[in-house]
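Undergrad: Have a look at this one before I ask anything.
And the structure:
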């Protein structure tokens with residue numbers, strides 16, 4: 001039970017391609033000693049993450065790191081539906097938007113504290129996930145992509161036009177920073193360092209939730225659906241229930257990221273939730289490897305970090321993203337740490 | 001004592017009838033073989049029985065289940081005790097052997113997303129039980145699956161994938177096990193061993209219906225054989241009765 | 001007033017129909033949605049505008065060049081984003097084509113700028129009065145062009161050898177291949193015709209609204225796809241019918257419900273059709289559905 005598992009690195013839960021009698025190379029043994037399932041490895045990683053604000057002093061670098069963390073949450077959420085269940089979703093920004101708007105509206109108009117708006121936002125996101133997951137149960141990949149794209153666009157249009165609720169294109173400004181009132185302690189989260197710890201908390205929660213879900217009965221059902229839907233149904237998996245659940249779960253995580261975004265930016269407007277946003281989120285698990293949690297994290301670091309390095313070429317970012325998607329699918333569809341896709345093959 | 005009763009089952013594909021008024025009564029503890037040329041409706045029968053296709057007419061009853069099981073939804077049928085393997089090998093390729101088997105036990109365990117997130121003890125207990133049970137099922141095939149249990153399914157040999165599918169079906173604790181050409185891709189020694197495996201499974205109280213082209217395999221394994229052609233039952237009986245029936249010979253060899 | 005509006009709706013519908021034909025033709029042959037089709041529509045309009053303004057060629061000539069370029073682009077999309085991915089999971093193809101679409105859209109933005117450009121065409125013919133309804137000549141031009149093209153396409157598919165080859169490939173690719181049809185050239189031809197139609201739709205759209213921008217392909221593409229699904233994807237007549245119908249839906253929705261949400265109506269139609277009648281109004285097969293399991 002407590003044996004180290006190399007496979008955590010490759011994103012599987014219990015897979016080794018090592019045969020029983022094969023000699024392990026020193027490198028493999030090293031990765032086993034520091035496998036992600038070891039408790040001390042986890043501790044070291046968390047500790048290193050906690051230290052980051054003390055090492056990085058530039059505000060700009062902190063900002064980039066916070067964005068990377070934000071996108072880790074978003075991409076891990078999307079990874080649930082795309083990587084675990086194998087359903088294409090090109091409207092993840094819609095869920096992101098629901099979380100952001102829920103927090104923004106509740107905090108500015110009703111004065112509800114941030115900590116309460118987060119679970120409310122997640123519930124709203126969950127509901128939106130059900131709303132899009134249910135009607136698309138029987139749709140095939142390309143249709144699903146088109147419908148989720150349309151859904152994302154509907155949410156964008158509504159956010160842009162429902163003046164009384166969202167103030168339309170003018171957006172919702174001056175969202176107050178979250179604060180912690182604990183007996184005599186009054187901490188206001190308004191510095192980069194504080195924001196970083198807040199998003200780090202969200203990242204850890206998301207990673208935990210994803211791992212627990214993946215290694216559970218539910219995760220197994222999702223992955224069975226990804227591998228072969230018809231067989232999964234015959235093996236007793238309720239396709240409708242589990243597909244919808246995966247959409248809703250993914251949406252709740254998207255909303256969690258949205259809540260953070262609202263307080264971090266202190267301003268939300270529909271322009272942050274366009275289709276291009278969804279596309280950027282999609283490229284992260286694609287790069288890291290669909291279904292792989294460490295892969296997705298690495299993917300977020302690369303996909304969000306690298307464009308920041310080439311800031312001068314920011315105009316070309318989306319062009320590069322588009323070209324990247326095509327090339328990735330042609331040359332390495334399984335991503336950095338993902339597995340070979342064994343789904344229904346497209347035959348002309 | 002009957003276990004499964006199929007009454008005038010009919011399935012059309014467009015204008016073609018893949019199954020026509022098919023009747024079959026299976027006794028508890030039997031091993032029934034289904035033979036017939038390609039396209040005679042054997043696999044269609046399994047597909048209808050497991051809810052992958054909707055039947056056009058007919059009824060199927062299972063002992064202790066009150067309603068016609070064709071009215072049940074696909075994922076519900078396995079919980080009633082009907083489980084199957086596939087002709088064209090469909091293991092969950094990226095899941096390990098053990099995980100494949102655990103999917104088979106999905107219907108015998110409980111636990112939703114909340115119990116997974118909160119590590120509730122009920123779901124954990126179910127999971128431990130399921131793992132033990134999956135190991136026990138794997139041991140039917142000796143070391144063949146056990147030694148590969150952490151390998152992904154795509155990494156298995158042809159014969160092992162067949163075994164994996166049988167094991168996956170067994171984890172659901174079926175009363176009726178449907179095997180669709182289990183020996184395809186196996187060598188004679190392996191298929192001989194499979195006969196023993198299936199007999200062992202049968203002795204543990206699982207009723208088996210098997211589709212097969214290999215007549216030697218059928219001869220060794222089945223007490224009763226049903227021959228199909230063009231979706232209709234030609235004859236039903238013991239091996240020698242069926243083997244020498246003129247219609248069966250005609251269906252297989254054509255008419256001169 | 002109603003008829004005045006009605007003409008506008010039909011006009012819009014005709015353009016959707018032309019664009020929807022591209023989706024439906026490609027879908028018929030390769031059984032996959034061409035996500036980049038909306039960008040071909042946009043590029044057709046932009047190429048034409050480019051030759052009109054930069055090279056100051058007359059409209060018919062620049063339109064011809066624009067259509068040619070867009071057609072080549074469409075064929076290029078197939079070569080780059082589809083062909084290397086034959087026998088790959090459908091999942092991968094969808095992502096690759098989506099990437100292609102993002103690439104084209106942003107390339108256009110970099111080349112031609114993100115702002116909308118004036119697409120100024122003056123036919124120099126005064127509006128026509130039908131009873132009390134004033135119809136600008138350009139609307140009649142658009143309607144006639146669409147109509148002629150649709151009839152020509154229908155005849156092409158029905159009568160010519162190539163049209164028959166396309167239908168055969170659509171019905172059963174392997175059988176068509178065995179009968180000596182070069183499937184690769186049929187696919188190329190399909191993309192070419194679909195892209196040409198899309199480019200023409202783009203030019204007509206530009207003539208109608210007198211303005212073009214790099215993002216116009218996205219919304220128009222989504223709506224035309226909705227039209228194709230509404231009519232029954234894979235069915236060319238369905239695409240024509242669906243296009244006109246969607247134009248009317250959208251017009252009625254914008255006029256009588258809310259003009260702010262006019263873009264949302266098409267998406268709502270798309271989702272509703274996929275839930276309640278996935279095979280579309282004129283379709284037979286159940287498009288987009290895969291699961292046999294209940």
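Chains as they are written, first to last, in my numbering: chain Y, 1 to 348; chain E, 1 to 256; chain G, 1 to 294. Glycine included, every Cβ here is placed at the ideal spot set by N, Cα and C.
Please name the residues in the stretch 188-218 of chain Y whose beta-carbon is closer than 7 Å to at least one beta-carbon of chain E, in chain order.
TA: Within the stretch 188-218 of chain Y, the residues whose Cβ lies closer than 7 Å to some Cβ of chain E are 209, 212, 213, 216, 217 and 218, listed in chain order.
Undergrad: Just checking: is the beta-carbon of residue 88 of chain Y within a distance shorter than 8 Å of some beta-carbon in chain G?
TA: Yes, residue 88 of chain Y counts as interfacial toward chain G.
Undergrad: Going straight from the alpha carbon of residue 125 of chain G to that of residue 134 of chain G, what length do you get?
TA: Cα to Cα, the separation comes out at about 13 Å.
Undergrad: If you count every other CB in all the chains shown that lies within 10 Å of the CB of residue 217 of chain E, and 16 or more means buried, which is it?
TA: It counts as buried.
Undergrad: Can you tell me whether residue 247 of chain E is helix, strand or coil according to DSSP?
TA: Helix, per DSSP.
Undergrad: Hey, residue 17 of chain G and residue 244 of chain G are a contact pair by Cβ (cut 8 Å); roughly how many whole angstroms apart?
TA: The Cβ separation is near 6 Å, so the contact holds.
Undergrad: Under 8 Å Cβ-Cβ, which residues of chain E neighbour residue 233 of chain Y?
TA: Residues of chain E passing the Cβ test: 51, 52, 74 and 75.
Undergrad: Is it right to say residue 196 of chain E is buried, meaning 16 or more other beta carbons lie within 10 angstroms of its own, or is it exposed?
TA: It counts as exposed.
Undergrad: Going by C-alpha distance, which of E:236, E:210 and E:66 is nearest residue 31 of chain E?
TA: Of the listed residues, the one whose Cα sits closest to residue 31 of chain E is E:210.
Undergrad: Residue range of the beta strand (DSSP E) that residue 308 of chain Y falls in?
TA: Unbroken run through residue 308 of chain Y is the alpha helix (DSSP H), 293-309; no beta strand (DSSP E).
Undergrad: Pick out the complete beta strand (DSSP E) segments inside the stretch 18-43 of chain G, 3 residues or longer, and give them in chain order.
TA: Complete beta strand (DSSP E) runs here, min 3: none at all.
Undergrad: I'd like the ranges of any beta strand (DSSP E) spanning at least 3 consecutive residues and lying wholly in the stretch 97-183 of chain Y.
TA: Qualifying beta strand (DSSP E) stretches, in chain order: 179-182.
Undergrad: If you reduce the DSSP assignment to three classes, tell me which class residue 285 of chain Y lands in.
TA: Residue state, collapsed to three classes: helix.
Undergrad: Do the CB positions of residue 91 of chain E and residue 165 of chain E come within less than 8 Å of each other?
TA: Yes, Cβ-Cβ distance for residue 91 of chain E and residue 165 of chain E is below 8 Å.
Undergrad: Is it buried or exposed for residue 146 of chain Y, if we count other Cβ within 10 angstroms and need 16 for buried?
TA: Residue 146 of chain Y should be labelled buried.
Undergrad: Within the same chain, show all residues whose beta-carbon is closer than 7 Å to that of residue 111 of chain E, passing over the 5 residues directly before and after it, in chain order.
TA: Answer for residue 111 of chain E: 122, 123 and 126, listed in chain order.
Undergrad: Closer than 6 Å by C-beta to residue 251 of chain E: which residues in its own chain qualify, once you throw out the five before and the five after it? Chain order, please.
TA: Excluding positions up to five away in sequence, the list reads 37 and 229.
Undergrad: Which residue marks the beginning of the beta strand (DSSP E) containing residue 21 of chain E, and which one marks its end?
TA: Run containing residue 21 of chain E: 16-27, per the beta strand (DSSP E) assignment.
Undergrad: Would you say the stretch 91-111 of chain E touches the stretch 195-214 of chain Y, given that touching needs at least three Cβ pairs under 8 Å?
TA: Touching, no, given that fewer than three Cβ pairs across the two stretches are closer than 8 Å.
Undergrad: Would you be able to state if there are at least three C-beta pairs under 8 Å between the stretch 236-244 of chain E and the stretch 210-230 of chain G?
TA: The answer is no - the stretch 236-244 of chain E does not touch the stretch 210-230 of chain G, with fewer than three Cβ pairs under 8 Å.
Undergrad: Name the two residues that bound the continuous alpha helix (DSSP H) containing residue 62 of chain G.
TA: 59-77 is the extent of the alpha helix (DSSP H) around residue 62 of chain G.
Undergrad: Hey, is the stretch 77-93 of chain E in contact with the stretch 175-183 of chain Y, meaning 3+ C-beta pairs nearer than 8 Å?
TA: Verdict: no, contact absent.
Undergrad: Are any of the Cβ atoms in chain G nearer than 8 Å to that of residue 161 of chain Y?
TA: For residue 161 of chain Y, the answer is yes, since a Cβ of chain G falls inside 8 Å of its Cβ.
Undergrad: By the 10 Å Cβ neighbour count, where 16 or more other Cβ atoms means buried, how is residue 9 of chain G classified, buried or exposed?
TA: Result: buried.
Undergrad: Counting only C-beta atoms, is residue 292 of chain E closer than 8 Å to chain Y at any point?
TA: No answer is possible for residue 292 of chain E: the residues shown for chain E start at 1 and end at 256.
Undergrad: Quick one, which of E:16, E:2 and E:55 has its alpha-carbon nearest residue 28 of chain E's?
TA: That would be E:2, whose Cα lies nearest to the Cα of residue 28 of chain E.
Undergrad: By the criterion of Cβ-Cβ separation under 8 Å, what are the contact partners of residue 159 of chain E in chain Y?
TA: Those within 8 Å of residue 159 of chain E in chain Y number zero; the least Cβ separation is about 17 Å.
Undergrad: What are the start and end residues of the alpha helix (DSSP H) that includes residue 188 of chain Y?
TA: Note, residue 188 of chain Y: premise wrong, no alpha helix (DSSP H); beta strand (DSSP E) at 185-188.
Undergrad: Could you tell me whether any Cβ in chain Y is nearer than 8 Å to the Cβ of residue 236 of chain E?
TA: Closer than 8 Å: no.
Undergrad: By the three-class DSSP mapping on this structure, what secondary structure does residue 5 of chain G have?
TA: Helix, per DSSP.
Undergrad: Can you grab the Cα-Cα spacing for the pair residue 76 of chain Y / residue 118 of chain G, in whole Å?
TA: Whole-angstrom Cα-Cα distance: 43 Å.
Undergrad: Which residue wins for smallest C-alpha separation from residue 353 of chain Y, given the options Y:269, Y:144 and Y:41?
TA: Past the boundaries of the shown model lies residue 353 of chain Y; chain Y is included only from 1 to 348, so the question cannot be answered.
Undergrad: Hey, how far is the Cα of residue 118 of chain E from the Cα of residue 207 of chain Y?
TA: Approximately 14 Å, taken between the alpha carbons.
Undergrad: Going by C-alpha to C-alpha distance, which of Y:165, Y:257 and Y:229 sits closest to residue 68 of chain Y?
TA: Considering only alpha carbons, the answer is Y:257.
Undergrad: Residues of the stretch 63-87 of chain G in Cβ contact with chain Y at a cutoff of 7 Å, in chain order, please.
TA: Residues passing the 7 Å Cβ filter: 80, 81, 84, 85, 86 and 87.
Undergrad: Of all the options E:135, E:19 and E:227, which has the alpha carbon lying nearest to the alpha carbon of residue 248 of chain E?
TA: When each option's Cα is compared against that of residue 248 of chain E, the closest is E:227.
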